[in-house]
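In order, the protein sequence lines correspond to chains A, B and C.
Taken in order, the first sequence gives residues 1 to 351; the numbers are from this note's numbering.
Taken in order, the second sequence gives residues 1001 to 1151; the numbers are from this note's numbering.
Taken in order, the third sequence gives residues 2001 to 2417; the numbers are from this note's numbering.
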Amino acid sequence: MRVAGWLEERLRYRGAMDFLRHKEVPRHRFTITYYTGGITLFFFILQILTGLLLLMYYRPTADAAFESVRLIISKVRFGWLVRSVHVWSANLMILAAAVHLVATFFGKAYRRPREVTWLTGVGLLFLTLTFGFTGYLLPWNTLAYFATKVGTEIAGDVPVVGRAVMVLLRGGDDVTEATLSRFFGMHVAILPALMTLLLALHLLLVQVHGMSRPISVQPWGGEPFYPHFALRDLLVWVVLLGGVAALATLVPWPLGEKADPLLPAPAGIKPEWYFLFMYESLRLLPGRLFGLEGEVLGVAAFVVGALVLAAVPFLDVWARREQAHRAVAAAGIAALVFVVFMTALGLRPER
Amino acid sequence: MDTPVERRPPRIARRTLLDYFVGTGLAALAGAVFYPILHYLVPPKVREVTATSVVAAKASDLAPNAGKIVAFGGKPAIVLRTPEGEVRAFTAVCTHLACTVQYRADFKHIWCACHDGHYDLHGQVLAGPPPRPLEEFKVTVKDDDVIISRG
Amino acid sequence: MRPGILLWGILGPLLFLALPRTVAAAPQAETCTTCHSALEGRLARPPLGAADDVHTRRGFGCASCHGGDPNAMSMDAHGRRAGFRGAPSPAEIPRFCARCHSRPDVMREFNPRLPTDQFSRFLTSVHGQRLAKGDTKVATCTSCHGVHPVRAVSDSASPVFPTNVPGTCARCHADPDRMKPYGIPTTQFEEYKGSVHGEGLIARGNRQAPACNDCHDNHGAVPPGVTSVANVCAQCHSAARDLFVRSPHKAAFDILGEGECISCHGTHNIAFPSDEMIGGGRGAVCSRCHPAGSAGAQTAEEIRARLERVKAVIAGAEGLLARTATAGMDVADAQLDLDEARTQLILSRAVTHTASVAEVDRTAGAGVTAAEKARAFGEAAMAELAFRRRGLLVVVAIVVFVAATLWLKIRELESRR
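What follows is the structure, given as structure tokens:
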């Protein structure tokens, strides 16, 4: 095709296409886990698209933020759809990232030589959670305002650096319009930039190393990534697109009321579901433990937990030898059960 | 041994009926995505600048000793021009039982029809049951626009 | 004319003219306080309240009212020569205070805004008239204003501070033993406390609400006569009055000699009015005069029907808008129409005083129109919701089609290998 030839001469894309044609995706019992990363990426693309559209009308000041979102959902044509997709896709992206984490962990996709891929992945996970945290405040409604207050308070409990982190996050001592400005800047500029860098590295490394296989799993063949697996990926993405559209239309996200900092916090205020496990476990800690404030200890524990998560490839010494040790799987299951259980506890309606 | 698929000389793929269906389907999907996006980008016709300020009236439409009711932040507000020519704005929600007040040119002040409440041109209660004065809003006249905003 | 009034009406002013014009000297340490503080019982009480007394604050001392020599350290201070007047008896108290308080030339030196007609009004009051006849158990100045200290009316601890007035009157008027000889009922205070006026004044501190003196007059306290009740109510409820005089009830009540407002609303136990008061049935106030089935009862029914209709349309619109809001639509723009509808409903309730179906129809009709506009907004929102679901159906159909063709394509690719 003449067009193809013209493009190839200028963009030199045939090399990449050949690579994708050659890239093999092994078929085995757990091939389904290979979709998890792509699904997360799909939701991220949706976020970029809907986020850019929202940016056309959103105004990041305490006076106008709520009203601008109200304008979007009530006056702008299909504004309700863009906003609803953005919120649903955000939650689904976090869920997908969690599933992807579980899949890569139990599949031990982090073992040599993919340790850096794992590290970038953990970084992407934290970026995703930060995206969620910063984006949640932007409509400047009551729930968001107080959830941010609670969330930044907890951040302030990190030992040593906590207070500094809290002031940096809040842009002051309290959650104010300055906080909104910061969160907005982070959400639409800083985090996307960091995310792009890490994501590019992450995807590049996946191509460089190829698809990892769980230990002692025998594939019964493979197929080229392009066009076979790519089409499968596309199929999944198209179905998910329909799903998000259905959720956005049938289960719209409420806007709530405009935040009034002078009012007391509503009863039963809690953060969004993806932070609930931390919130609930901190709440259950006793006031003082081993001579230190319970909450500080809890937050410190979570910081350590995050570091352990990042260090998994280096801690799992058996995986390096292509051996699966029961302890690692057990630790993973324990962590998973803890998170799920704490989240479920947190979702209970306030007695 | 058969040559692996990748090493055979590339042949021109036969465009099957299925390929056309796939193409059509994807095109329809793309249309379903771009249709709302394009409509979204067209700005809506809204008069409200922000919730905290509204273009309430045309200054040339507001004669001395006259007033009109406008919407402001979801509640009625009254914009009036005093007999001396000054433009002022207040909430139009009566402080007695939340009826909407009106301007009375014969009284030359604000009046609530429900229970005969009278407010002067500073929003202070002159007579009747209202317990508190009317909250005053800030008025800016830009070109021919009267803009009211919360102080 | 009663001899008492004649006597005091002539002697009183003569006595006043005999007094020196200037009254208060600069405040000086008075020996009265020194001696009386050392005494016991009620003789020791006068100096105690001095700091809160409005007179002391303006520079008056004991001698300013009671005479005597404030510098003498012995009983000479009480001497006749020193001009000692002593403590006045209950019957003498009004005149005692009126020495200054009924003289504009005196009062304007201290508080030009204070009226000086209290004594003359008191003489016309039931209290004053009975006092003149020799009944010393009635209220006099100090009974309500207190003494030692006499607090300013604006002092919130004063018994005649606006929110305290009902309780002060009730000290006697809610006491059955005290009121028995006069045959006056003692339920007024309890009724008032439960009324919309009492709740407003006492519970919420709203000084727009009337206390006893606002209807019964301050110093000239007399229960308002039947024909003057309506005028008294109209001091604040001017709108209701203006509407009432347009109604056929005005002429009827004039002929019957019935109290206008109180026939339907009561006197002390005025409750917040409800729509249930209007109608042809037994629970309504109209049935007190208009038997069931009469023309009056029918009019009342029709008026009530108009009110109920406005309420129903408003409730319907509110319900629809609430449902649309939970479904995710933004309904704030319809609020203005609902506000207008509610305004018209309140107006309609006021207009019922005209007892005219046509007049109520006007405002009720406007209310229904506004509520229906709000309802229309809700219906448009529901239609938009339906449009969205149809759109979703189209998108889902496309997605299913694309998914199916992709699936088939994948199968085709697999079979080719």
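Idealized CB from N, CA, C, for every residue including glycine.
Chain B contact for residue i (CB, 9 angstroms cutoff)
i	result
G221 (chain A)	no
A2024 (chain C)	Legend: pLDDT at A2024 (chain C) = 48, less than 50; position of this residue unreliable, value from coordinates given subsequently. It does not: the Cβ of A2024 (chain C) has no partner Cβ on chain B nearer than 9 angstroms.
H2237 (chain C)	yes
L263 (chain A)	no
Q2129 (chain C)	no
R2350 (chain C)	Arg is not the amino acid found at residue 2350 (chain C); the sequence shown has Ala there. Yes, its Cβ sits closer than 9 angstroms to a Cβ of chain B.
T2343 (chain C)	yes
Between the CA atoms of residue j and residue i - distance to the nearest angstrom
i	j	result
A2221 (chain C)	H2127 (chain C)	7 angstroms
D2330 (chain C)	F2387 (chain C)	16 angstroms
P252 (chain A)	V337 (chain A)	30 angstroms
S2238 (chain C)	F2377 (chain C)	37 angstroms
V1055 (chain B)	A2334 (chain C)	19 angstroms
E1136 (chain B)	C2144 (chain C)	41 angstroms
D2053 (chain C)	L1121 (chain B)	40 angstroms
A2024 (chain C)	D174 (chain A)	Low per-residue confidence applies at A2024 (chain C): pLDDT is 48, beneath 50, and the placement is therefore not dependable enough to give any value.
M211 (chain A)	T1024 (chain B)	32 angstroms
A319 (chain A)	A301 (chain A)	25 angstroms
L46 (chain A)	S89 (chain A)	7 angstroms
A64 (chain A)	K2373 (chain C)	28 angstroms
A334 (chain A)	L235 (chain A)	34 angstroms
T2204 (chain C)	L2336 (chain C)	The question names Thr, but residue 2204 (chain C) is Arg in the sequence shown. Whole-angstrom Cα-Cα distance: 29 angstroms.
R14 (chain A)	L180 (chain A)	46 angstroms
A267 (chain A)	R321 (chain A)	53 angstroms
A200 (chain A)	G1073 (chain B)	46 angstroms
V2165 (chain C)	P2159 (chain C)	6 angstroms
T2022 (chain C)	A2077 (chain C)	Legend: pLDDT at T2022 (chain C) = 46, less than 50; position of this residue unreliable, value from coordinates given subsequently. The alpha-carbon atoms of T2022 (chain C) and A2077 (chain C) are separated by roughly 21 angstroms.
Contacts of residue i in chain A (Cβ-Cβ under 9 angstroms)
i	result
V1042 (chain B)	V76, R77
One or two residues paired with residue i in a DSSP bridge
i	result
A288 (chain A)	Correcting the residue type first, residue 288 (chain A) is Arg in the shown sequence and not Ala. Paired residue(s): A:E293.
Q207 (chain A)	Partner(s): none; Q207 (chain A) has no beta bridge.
R112 (chain A)	Per DSSP, none; premise fails for R112 (chain A).
V1042 (chain B)	Per DSSP, none; premise fails for V1042 (chain B).
Y1119 (chain B)	B:I1110, B:V1125
Beta carbon proximity, residue i to chain C, threshold 9 angstroms
i	result
A246 (chain A)	yes
G1074 (chain B)	yes
L46 (chain A)	no
H1115 (chain B)	yes
D1120 (chain B)	no
P139 (chain A)	no
L1018 (chain B)	yes
A1056 (chain B)	no
L1126 (chain B)	no
L292 (chain A)	no
Closer than 9 angstroms to chain A by CB, residue i
i	result
V1139 (chain B)	no
I1069 (chain B)	no
I1148 (chain B)	no
P1036 (chain B)	yes
V2395 (chain C)	yes
A2383 (chain C)	no
Chain A contact residues for residue i, given Cβ-Cβ distances below 8 angstroms
i	result
L1029 (chain B)	V238, L241
L2392 (chain C)	A245, A246, T249, L250
Contacts that residue i makes with chain B (C-beta to C-beta distance below 7 angstroms)
i	result
V82 (chain A)	Y1040
L71 (chain A)	V1046
E2340 (chain C)	T1100
Interface residues of chain C facing residue i [CB-CB closer than 8 angstroms]
i	result
V1046 (chain B)	Chain C residues near V1046 (chain B): none, gap ~11 angstroms exceeds 8 angstroms.
P252 (chain A)	A2327, G2328
L231 (chain A)	L2406, K2409, I2410, L2413
A1032 (chain B)	V2394, V2395, I2398
Residue i: contacting residues in chain B (beta-carbon distance under 8 angstroms)
i	result
N2111 (chain C)	Per Cβ cutoff of 8 angstroms: no residues; N2111 (chain C) is ~24 angstroms from chain B at best.
L143 (chain A)	Those within 8 angstroms of L143 (chain A) in chain B number zero; the least Cβ separation is about 19 angstroms.
Within chain A, partners of residue i - CB distance below 7 angstroms
i	result
A2386 (chain C)	Here the premise fails: no neighbours, minimum Cβ distance about 11 angstroms.
R2389 (chain C)	T249
A2403 (chain C)	L235, V238, V239
Cβ-heavy atom distance, residue i to the ligand MG, below 8 angstroms
i	result
A96 (chain A)	Ligands in the displayed structure: none, and consequently the ligand MG is not present.
Subject >> Segment contact, 8 angstroms Cβ cut-off, at least three pairs: the segment 1068–1083 of chain B with the segment 1141–1150 of chain B >> reply: The segment 1068–1083 of chain B, when compared against the segment 1141–1150 of chain B, does touch it at the 8 angstroms Cβ threshold.
Subject >> Stretch pair the segment 51–59 of chain A + the segment 246–264 of chain A: three plus CB contacts closer than 8 angstroms >> reply: Segments in contact, no.
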